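Going down the list, the sequences are from chains A, B and C. Heads up: the first sequence begins at 46 in the working numbering, then just goes up one per residue. Heads up: the second sequence begins at 283 in the working numbering, then just goes up one per residue. Heads up: the third sequence begins at 62 in the working numbering, then just goes up one per residue. All C-beta atoms in this analysis are idealised placements derived from N, C-alpha and C, irrespective of residue type, glycine included. The model shown is predicted, which means the values in this text are computed figures rather than measured ones. Read through the structure below, which is laid out as structure tokens, and then see the notes.
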Amino acid sequence: MKEKTKNNKLNRREVLKKLGKYLPSAGLLWIASSKLALPAEENGKKHNYGMGVYIKRCIGCGRCANACKEENNVPRDPFFYRTWIERYAVNMDGEVSVQSPNGGIDGFSPMEATRTLLKSFFVPKLCNHCDNPPCVQVCPVGATFKSPEGVILVDEKYCIGCRYCIQACPYGARYFHPEKKVADKCTFCYHRITKGLRPACVEVCPTNARVFGDLHTLSSPLLRFKRMNDIHVLKPDLNTEPKVYYANMDGVVR
Amino acid sequence: MFNPLKIFKTIPEQIIRLLLIFAGVIAALIIARHLFIPASFGKLGHYRADALDEIKSLPVQYAGRDQCAECHEDKIAILNSSYHKGLSCEACHGPGVKHVAAGGDYELLMPVKREFCHKCHAFLEARPTGFPQIDTITHNPNKPCIKCHNPHNPTPPSPPSECGVCHRSIESMKSVSPHNSLQCTTCHAAPREHKLNPRKYLPSKPSAREFCGKCHTKNAVASKEIPRIDMDKHGNTYVCWECHYPHSPQAE
Amino acid sequence: MEKLIEQLYAASQQISGFIYPNEVELQWSILIVIYPYITGLVAGAFILASLVKVFNVKALSPTYRLALLTALAFLIVAPMPLQFHLGHMERSYEIFLTPHLKSAMAVFGFVYMWYLMVVLLLEIWFDYRKDLVEMANREKGLKKLLYMALSLFSRDISPKAIAFDKKAAKIITIIGIPSAFLLHGYVGFIFGSIKANPWWSSVLIPVVFLFSAIVSGIALVLILYMVITMFRGKKLDMLCLDRLADFLLYAVIVDFSLEMLDFIHRLYQSEDSIHIISELIKTKLFISLIIVQILLGIIVPVGMIVLVKFFKYQDELRRLVYFVAALLIQMGIFGTRWNVVIGGQLFSKSFRGLTAYKMELLGMEGLFVALGFLVLPFIILYLVTRVFSPWEEGQEQSIS
């Protein structure tokens, strides 16, 4: 603490001089430390997984939804899905109708032939593994979390089954497992991707409509997907930062 | 000086009793935290780090095509040069991990019924144009698909006779429009190879208004029923198909 | 699980439009309607008690102890519907061990403990301590031990100690008012902070919850006061009843204004979800919202109370009107909770369809269990009043 001297002007000048000396270096130090303090992502060691979906390639065959239930032992009743397909039909006067019979697992039946159909297409849906996940935010005990690889997982031994996360998900991606009595959802087949395999849905897609990759690897198919296509995500206004990206998705899709 | 006993005497007895109870509750909570929180909790974030390993060790069901290639090289070779080259074996044959583990003794699905191939190839309006689709009722009814199409090399016995076989929704739309008597090839010149390698050899598309003018200008040498317009005035700054979808070109 | 699947098939028959495949099953059942209803009653009853203690509304003092004991009885029952709802009740202690503080729900355990121990129990203890010590001195044997334990083995009932008790109670009540707001407000925040659901996501929801809680608390104490007093054959304090009805009226008017504000704001802004929400209100929620919550729960009782206040009718008519109005209001507040919790889950997050709630009769989350949780607090209240009398000695007159 500087003592108050008679010559205040000189005092002020000294202070300013000192600030002029130390502030820039403090600033540089702060910038440097913030760069150094970045997590291992910058070093390329951590992954950040995501998925790309080509809307124009999906034929709505349902193999992905079926393979997911097989791979992850999801109950076969038509109320529990980790991934599913929706069919959109847009009319010439703007009316939209959407169906997802048994999540698309058994395929779709032909639509009523109509002259007013403008276009129709399929949209595969799954957990978006958001970077700012509202489901993780609301879990009261820490049973759902973001893994170091950016995959949102549920700890089925810790979940108390309050269902708050299911309410918080804007995409309907979560369900309550009827036997385990905990929240459940797509895991990007975490048990496969950590062994170098691809998620089951990506594996069986006949048209390669699903692209799985790592956002932190320069040579990842997902980065190419993002580079070469105009990307849409679901409900961007909610700021969940989803990591499932859609190419050529029409604006009627919710 | 600080005399604890004196201070103690001045505190009302209610407070002392209450403080004791609250101290007990808080102590119980602290002890519980030390005893019962799982050991791996908090190591990587606000969750049980052991859960990662538990999830990693869940059983795998789909083996992946590389595993199939280890024993079925011949089938994979045929597949790789066919129209089904992007198709995973397990998309049709089901999850294969048990088959691999049993050295081939565990039997996989062998789909033979028509309905199975229909899952991908039945005509659905929403399927992208150009994807090979058939009308399940009229396309060789009751015959199993595999009689004519080898699943690992499904090239049809003869190339598709009409454009509508793959471009079904365009065909169905055109067939109820004023352009229904027009052949596709009238406007789109398709090289012969297009039927065998559609993405490499693309058909042409008209690029100028004059093309439509061949039938639609006032003086065109064409049938009397065809609507005529004044090419210089009607929509002069646009190409025709910016307003008139060629496969359903009617204005109302 | 078979029963669940059967119910889900039945519910899927009543879907209109498109809902995400996982949305057929409603996640939060009637038990999650009961929980905010009960904590609302706790907060409301406590606010009523604070009107006496902090704001010195002397006319309401006959209901002071009753309000506190009612709050206690309902607070004891409050965590039970939550426990029954959990998929893994046996893991519920995790909320105390590893609370995820970003989640409003994690706060529950601590807010509950705080309110129970630091606010309610302490206030009741300070108010009753003198009586407990006196009864400990009077009684013998097991009862003596009980009263000694309840008074925490304190013995000092000198005027100084009693003055300290009164002061302490006042301080606790002052702390208790924001604590009561927190106890019920966080429930509103649990809903209000869900951006995924536009029916819930609103800044107003915690405030509306709070005011409807105050309404239901005052109405409940009014009903209980009338019923218990008449059972005991004592005379009703009309001044107290009139003041209770006054505060009830004010609270209802504020609550209704807030609800109308939310409604008008929604219509005016006309956001993405307005179409499906309009359909929801016109079809699935017509009876529970328009008829039960608004017409029968607010407009009719307010009309009744205002009429009676304006025209100054005799005591018997006023008593009847207050009683019926309070009952209707209670029903309306329950309807409010239903409309928020169940209503918010009846429309799809795709904003393209509606589903149905099939409430089971038996089972852990069934109607009978829900009714049980509504009846249980009254039983507990009865038992508590056997130990802690709600009435000061010589406070009322008997009916002659």
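The residues Ile452, Met455, Lys456, Ser459, His461, in chain order, have a CB closer than 7 Å to that of histidine 529 of chain B in the same chain once the five nearest residues on each side in sequence are set aside.
The continuous alpha helix (DSSP H) containing aspartate 332 of chain B extends over residues 332 to 338. A residue is called buried when at least 16 other Cβ atoms come within 10 angstroms of its Cβ; valine 503 of chain B does not meet this threshold and is exposed. In this structure, A:Cys246 is the residue among A:Met294, A:Asp138, A:Cys246, A:Lys101 with its C-alpha nearest to the C-alpha of leucine 171 of chain A. Between lysine 114 of chain C and lysine 231 of chain C, the C-beta spacing is below 7 Å.
According to the DSSP assignment, alanine 120 of chain C belongs to no alpha helix (DSSP H), since it is labelled neither H nor E. Just so you know, the alpha carbons of isoleucine 355 of chain C and leucine 319 of chain C end up roughly 13 Å apart. Interface with chain A (7 Å Cβ-Cβ cutoff): arginine 481 of chain B is excluded.
Shortest Cα-Cα distance from glutamate 86 of chain C to any of A:Met294, A:Trp129, A:Pro123 involves A:Pro123. Of all residues in the segment 145 to 169 of chain C, only Tyr154, Phe157, Leu158, Thr159, His161 place a beta-carbon less than 8 Å from a beta-carbon of chain B. Under the Cβ distance rule, alanine 257 of chain C counts among the residues neighbouring chain A, one pair being separated by less than 7 Å. For asparagine 198 of chain C, the secondary structure class from DSSP, reduced to helix, strand or coil, is helix.
Setting aside the 5 residues that flank it on each side, glutamate 224 of chain A is surrounded in the same chain by Pro120, each with a C-beta closer than 8 Å to its C-beta; the list follows chain order. In this structure, the straight-line span from the alpha carbon of leucine 415 of chain C to that of alanine 71 of chain C is close to 14 Å. Serine 265 of chain A counts as buried, since at least 16 other C-beta atoms from the protein chains shown sit within 10 angstroms of its C-beta. About 6 Å separates the beta carbons of histidine 161 of chain C and cysteine 184 of chain A, which is inside the 8 Å limit, making them a contact pair.
In this structure, the straight-line span from the alpha carbon of tyrosine 286 of chain C to that of leucine 297 of chain C is close to 8 Å. Residue range 266 to 273 is occupied by the alpha helix (DSSP H) that includes methionine 273 of chain A. Among the residues facing chain A, serine 411 of chain C is included, as its CB has a counterpart in that chain under 7 Å away. When the beta-carbon positions are compared, leucine 267 of chain A and asparagine 93 of chain A stay at least 7 Å from each other.
For proline 169 of chain A, the uninterrupted beta strand (DSSP E) run begins and ends at 162 to 171, by DSSP. With at least 16 other beta carbons inside 10 angstroms of its own, alanine 112 of chain A counts as buried. Rounded to the nearest whole angstrom, the CA to CA distance from serine 334 of chain C to cysteine 371 of chain B is 44 Å. Just measuring C-alpha positions, the residue of A:Leu263, A:Pro287, A:Ala292 sitting nearest asparagine 274 of chain A is A:Ala292. A contact between stretches requires three or more CB pairs, one per stretch, nearer than 8 Å, and the segment 377 to 391 of chain B meets this requirement with the segment 336 to 348 of chain B. Shortest Cα-Cα distance from glutamine 406 of chain C to any of C:Leu69, C:Phe79, C:Glu63, C:Gln88 involves C:Gln88. Proline 341 of chain B and phenylalanine 434 of chain C have their C-alpha atoms some 43 Å from each other. CA-CA distance, glycine 148 of chain C to isoleucine 76 of chain C, rounds to 26 Å. Put simply, the CB of glutamate 248 of chain A is near chain B, with a gap under 7 Å to one of its CB atoms. Per DSSP, serine 142 of chain A is one residue of the beta strand (DSSP E) stretching across 141 to 144.
For leucine 243 of chain C, the closest C-alpha among the options C:Asp188, C:Ile348, C:Leu177 is that of C:Leu177. Relative to valine 98 of chain A, the option among A:Asp282, A:Asn253, A:Glu286 whose CA is nearest is A:Asn253. Comparing C-alpha distances from phenylalanine 167 of chain A to each of A:Gly187, A:Gly95, A:Val141, A:Cys207 shows the shortest one belongs to A:Val141. Asparagine 435 of chain B sits in a strand when the DSSP states are folded into three classes. Within the segment 397 to 421 of chain B, contact with chain A at the beta-carbon level (separation under 8 Å) is assigned to His400, Lys401, Cys402, Ala404, Phe405, Leu406, Glu407, Ala408, Arg409, Pro410, Phe413. Between the alpha carbons of leucine 102 of chain C and valine 401 of chain C lies a gap of roughly 17 Å.
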